[in-house]
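Please read the structure below before turning to the comments.
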Amino acid sequence: MKPENLNSFNTLSNLVGSGKYLVVQNTRMDFESNTYISELWKRTNSEWKKFKSGNNNFSNPKFGSQSNTIYYVQTNRAVQDKSKSKKNLSTIQVQIGRSVEKLFEIEGSISNYTLSNNEKFMYVTTNEWSEEFKSIESKDSEPMYYESLPFRFDTRGIIYNKRGHVYKVNLKTKKFNKIVDGDKSDIISIDSLAESKEGITIAYNQYNSKGTMLEEKIGSLEGINIKEIFSKGSMGNLFYYQDELYAVGLRNRFDWPTNTNILKISKTGKVSFKYHSLDRNVVKAEINNSKLYFLYEDSGKTILRDADSDVDLVNEEVTIKDFAFNDNKTYVIANSFSSPDEIYEINDGQLTKISKANELFTKKVKVWNCTYKRIDTGKSNIDTWGVFVGKDKPTILNIHGGPASQYGFTFFDEFQTYASAGFNVIACNPRGSSGRGHDFLRDVCGNKWGVTDMHDVLTSFKKMKRVMGITNKNDGIMGGSYGGFMTSWIISHNPSMFKSAIVERALLNWETMVGTSDIGIGFPEMYLLEDMGKNINFYRKKSPITYASNIKTPTLIIHSQEDYRCPIEQAEQLFSNLKKRSIKTAMLRFPGESHELSRSGTPVHRKQRFDHIIKWHKDNLI
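Taking the numbering used here, the leading residue of the sequence shown gets 69, the next gets one more, and so forth.
Following this line, the structure appears as structure tokens:
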């Protein structure tokens with residue numbers, strides 16, 4: 069796979085089923101328009117056809133009670149191009165047979181929508197500028213006055229004047245009312261909504277008066293007022309099961325990093341575990357025919373479980389992204405290390421492919437498989453993957469972000485692109501990663517930060533090279549976010565180990581992250597377990613910038629100008645340090661991009677990023 073192939077494969081999401089039909093959202097990059105194109109595909113009689121495509125993006129399909137009734141969101145595609153300032157126009161439409169009706173339209177973004185249990189109404193959650201800011205074309209054109217912390221929390225900048233609302237839409241008359249007013253209730257965003265016989269319940273965010281990040285709350289709507297049910301944890305994915313309210317989340321926000329779980333929330337706010345014994349991260353939960361199903365992470369896989377029988381429906385080496393049911397059959401969107409997204413039917417624990425979304429891509433583009441091994445590092449057993457190109461080829465060590473995330477049996481454009489450029493690739497899930505339980509996640513906190521994880525990364529890398537029979541000693545290292553931290557940490561503590569490094573969107577200085585990052589108020593304490601005001605020396609001790617004078621490795625620094633998760637000043641500090649000491653270095657800045665550049669940045673920028681990465685490694689390793 070080459071950088072120019074980025075627009076060749078399709079990403080599937082939002083799989084839904086009803087009767088004999090399946091509908092899925094298909095998204096791909098388009099270099100010509102420098103944006104993403106989303107279409108809806110429909111399966112009838114075992115054949116897939118485009119259902120919605122054209123000059124707009126189509127997303128979030130949902131079936132009504134009748135299988136020929138399908139709802140979806142239509143969005144002005146121009147808003148996806150960050151170089152244009154056209155206002156966002158989002159519409160929810162319903163199609164019955166061939167008849168299309170507009171139900172709800174807003175100059176803003178539709179976060180989600182839910183059909184009422186009787187299907188007479190629809191609840192629509194939105195994210196809009198507050199009234200006084202709606203008339204301003206650009207939020208940067210006027211001074212912004214704010215008094216609360218945090219003033220950032222969306223990776224994109226100042227969010228003080230954005231609010232979440234809920235509209236109730238009468239599906240017969242098409243009239244709608246704002247039943248939750250975020251301007252009046254100071255709601256920043258609404259994560260999820262569920263309906264019971266007693267009304268609606270929402271998971272939402274408000275500012276924390278103590279300034280320790282946003283408070284994530286659960287509340288029930290009583291008339292025009294919201295009654296707070298729960299506010300201590302981090303909750304989303306609300307649903308009712310056996311007339312009880314459940315959510316996927318954490319009982320206590322500051323217990324993180326730990327696994328999200330399925331939690332039952334009483335009317336009084338008491339929270340209890342549905343699956344206390346499941347020591348894994350739950351990704352999504354859903355009810356079908358009064359039965360509970362959920363996705364969870366485990367050792368590089370994402371698995372679908374029937375919660376009522378405690379049975380995994382499939383346990384192949386795949387990542388399951390979404391699931392749907394119809395005609396008593398179970399369908400999933402899944403991918404593997406060497407296969408992009410496709411839709412599969414589950415039969416007796418086996419996956420049978422029923423789509424051809426990426427058939428042309430896999431025929432045209434060479435894809436690489438992996439070698440997998442659980443490496444004994446002497447202190448832990450670490451899941452490790454390697455792409456073998458040749459024993460005499462240089463090797464790139466790739467480190468994931470988080471650190472509470474995981475690499476695994478999933479199609480990843482990074483690994484495929486670097487292998488096609490002639491590099492062996494090795495990646496692992498060190499302590500601190502998800503998919504291995506609570507203790508594994510927290511084994512990098514406090515004084516262990518930069519110690520246990522570095523040991524796991526380097527030991528598994530060296531041993532995996534031997535397993536793969538790689539003899540070339542020209543090694544490169546790279547990573548983004550936490551992976552950027554670990555890359556800079558390793559090359560500052562092992563100056564002669566790697567001949568090429570790429571530090572991307574990195575955490576480099578804990579001290580300056582506090583107060584500038586959108587998570588800088590509370591996140592550092594979660595991992596370092598220390599208050600900076602009381603122990604600033606510890607923050608400096610755990611910052612790569614403290615040891616930057618040790619770095620000798622040629623280092624490319626990549627950062628987005630509008631990255632507020634790891635602000636660009638982090639990168640500038642490292643670049644200045646290396647440049648002053650005449651270390652071979654360069655800085656690649658991307659205007660108009662955020663922390664998510666490598667995953668959802670504009671297509672042209674994503675290709676340019678790959679071009680620079682490949683060139684840097686080739687110049688220094690070959």
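Even glycine gets a Cβ: it sits at the ideal position worked out from N, Cα and C. Only a predicted model underlies this, so the values are computations on that prediction, with no experimental measurement involved.
(request) Report the three-state DSSP secondary structure of T366 (helix, strand or coil). (result) Sequence index remark: in the sequence shown, residue 366 carries index 298 (1-based). Checking the sequence, you will find Asp at residue 366 rather than Thr. Note: D366 maps to strand in three-state DSSP.
(message) Between F429 and F658, how many whole angstroms is the CB-CB distance? I'm expecting something under 8 Å.
(response) Within the sequence shown, the letter at position 361 stands for residue 429. Within the sequence shown, the letter at position 590 stands for residue 658. Not really, about 26 Å apart at Cβ, beyond 8 Å.
(request) Please classify E100: does DSSP put it in a helix, a strand, or coil? (result) To locate residue 100, count along the sequence shown from 1; it is residue 32. Coil at E100, not helix or strand.
(request) Consult DSSP for G778 and reduce its assignment to one of helix, strand or coil. (result) Within the shown structure, residues of the chain are numbered from 69 to 690, placing residue 778 beyond reach of any answer.
(request) Give the single residue among I355, K338, G301, S406 whose Cα lies nearest to the Cα of F322. (result) The residue given as residue 322 occupies position 254 in the sequence shown. Nearest option by C-alpha distance: G301.
(message) Tell me the rounded alpha-carbon separation between V457 and E284.
(response) The residue you call residue 457 lines up with position 389 of the sequence shown. The residue you call residue 284 lines up with position 216 of the sequence shown. About 46 Å.
(request) Identify, in the order they occur along the chain, each residue of the same chain with its Cβ nearer than 8 Å to the Cβ of G176, setting aside the five sequence neighbours on each side. (result) Translated into positions along the sequence shown, residue 176 becomes position 108. N156, S158, T194, N195, E196, W197.
(request) Please state whether DSSP places W109 in a helix, a strand or coil. (result) Taking the sequence shown and counting its residues from 1, one reaches residue 109 at position 41. Strand at W109.
(message) I'd like to know whether the C-beta atoms of Y139 and L108 end up nearer to each other than 8 Å.
(response) In the sequence shown, counting from the first residue as 1, residue 139 sits at position 71. In the sequence shown, counting from the first residue as 1, residue 108 sits at position 40. No. Outside cutoff.
(request) Using the Cα positions of K117 and V351, report the straight-line distance between them to the nearest angstrom. (result) For the purposes of this step, residue 117 is identified with residue 49 of the sequence shown, where counting begins at 1. For the purposes of this step, residue 351 is identified with residue 283 of the sequence shown, where counting begins at 1. Each residue's Cα considered, the two are about 29 Å apart.
(request) May I ask you to report which of helix, strand or coil DSSP gives N515? (result) Here residue 515 refers to the residue found at position 447 of the sequence shown. Reduced to three states, the DSSP call for N515 is helix.
(message) Considering Cα atoms alone, identify which of S502, D395, K531 is closest to T445.
(response) Looking up residue 445 in the sequence shown gives position 377. Out of S502, D395, K531, K531 has the C-alpha closest to the C-alpha of T445.
(message) Rounding to the nearest angstrom, what Cα-Cα distance links K70 and D511 in this structure?
(response) By one-based count along the sequence shown, residue 70 stands at place 2. By one-based count along the sequence shown, residue 511 stands at place 443. Roughly 37 Å separates the two Cα atoms.
(message) Since F307 and V237 should fall inside the 8 Å C-beta cutoff, what is the C-beta to C-beta distance between them, to a whole number of angstroms?
(response) Here residue 307 refers to the residue found at position 239 of the sequence shown. Here residue 237 refers to the residue found at position 169 of the sequence shown. Not confirmed; about 21 Å, so no contact.
(request) Could you give the DSSP three-state label for E413: helix, strand or coil? (result) By 1-based counting over the sequence shown, the position of residue 413 is 345. In this structure, E413 counts as strand in the three-state DSSP scheme.
(message) Per DSSP, what are the beta-bridge partners of S264 in this structure?
(response) Reading the sequence shown from its first residue, position 196 is the one you call residue 264. Note: S264 sits in a beta bridge opposite G267.
(message) Given this structure, state the Cα-to-Cα distance separating L646 from K652, to the nearest angstrom.
(response) Along the sequence shown, one-based indexing puts residue 646 at 578. Along the sequence shown, one-based indexing puts residue 652 at 584. L646 and K652: Cα-Cα distance of roughly 7 Å.
(message) Looking at the strands, I want to know which residues DSSP matches up with L372.
(response) Numbered from 1 along the sequence shown, position 304 holds the residue referred to as residue 372. BP columns for L372 point to L363.
(message) Let me confirm a value: G671 is counted as buried when at least 16 other C-beta atoms fall within 10 Å, else exposed. Which label applies?
(response) As a working mapping, residue 671 is identified with position 603 in the sequence shown. The amino acid at residue 671 is misidentified as Gly; the sequence shows Pro. Burial call: buried.
(request) Would you kindly report the start and end of the unbroken alpha helix (DSSP H) that includes T580? (result) Counting from one through the sequence shown, the residue named residue 580 turns up at place 512. Per DSSP, T580 belongs to the alpha helix (DSSP H) from 578 to 581.
(request) Identify which residue in S404, E427, P408, E410 has its Cα closest to the Cα of W453. (result) Within the sequence shown, numbered from 1, the residue matching residue 453 stands at position 385. With distances taken between Cα atoms, W453 lies closest to S404.
(message) Does the contact criterion of 3 or more C-beta pairs under 8 Å hold for the stretch 617 to 635 versus the stretch 583 to 596?
(response) yes
(message) Measuring CB atoms only, is the stretch 494 to 503 touching the stretch 518 to 530, in the sense that at least three cross pairs come out at less than 8 Å?
(response) yes
(request) Would you grab the beta carbon distance between N533 and T463 for me? Rounded to a whole angstrom, and I think it's under 8 Å. (result) The residue given as residue 533 occupies position 465 in the sequence shown. The residue given as residue 463 occupies position 395 in the sequence shown. In the sequence as displayed, the identity of residue 533 is Lys instead of Asn. Contact flag correct, Cβ pair sits at about 6 Å.
(message) With H, G and I counted as helix, E and B as strand and the rest as coil, what does DSSP make of L509?
(response) Here the question's residue 509 lines up with position 441 in the sequence shown. L509 falls in the helix class under three-state DSSP.
(request) Report all residues from its chain with a CB closer than 6 Å to the CB of Y440; omit the five preceding and five following residues, and keep chain order. (result) The residue labelled residue 440 in the question sits at position 372 within the sequence shown. W453, listed in sequence order.
(message) Could you check if E196 belongs to the surroundings of the ligand ZN, using beta carbon to heavy atom distance under 7 Å?
(response) The ligand ZN is not part of this structure, which contains no ligands at all.
(message) Which same chain residues end up closer than 8 Å to L419 when comparing Cβ atoms and leaving out the 5 residues on each side of it in sequence?
(response) Mapped onto the sequence shown, residue 419 falls at position 351. Correct list, in chain order: V382, E384, V386, V400, A402, Y412, E413.
(request) Write down every uninterrupted run of the beta strand (DSSP E) in the stretch 397 to 473 whose length is 3 residues or greater and which is fully enclosed by it, in chain order. (result) 397 to 404, 407 to 415, 418 to 421, 439 to 444, 449 to 455, 463 to 467
(message) Please return the same chain residues whose Cβ sits closer than 8 Å to the Cβ of D66, not counting the five positions on each side in sequence.
(response) Nothing about residue 66 can be read from this structure; the chain reaches only from 69 to 690.
(request) Work out the CA separation of Q629 and Q274 for me, nearest whole Å. (result) Here the question's residue 274 lines up with position 206 in the sequence shown. Here the question's residue 629 lines up with position 561 in the sequence shown. Straight-line Cα distance between these residues: approximately 27 Å.
(request) State the DSSP-derived secondary structure class of S133, mapped to helix, strand or coil. (result) Within the sequence shown, numbered from 1, the residue matching residue 133 stands at position 65. If DSSP states are grouped into helix, strand and coil, S133 belongs with coil.
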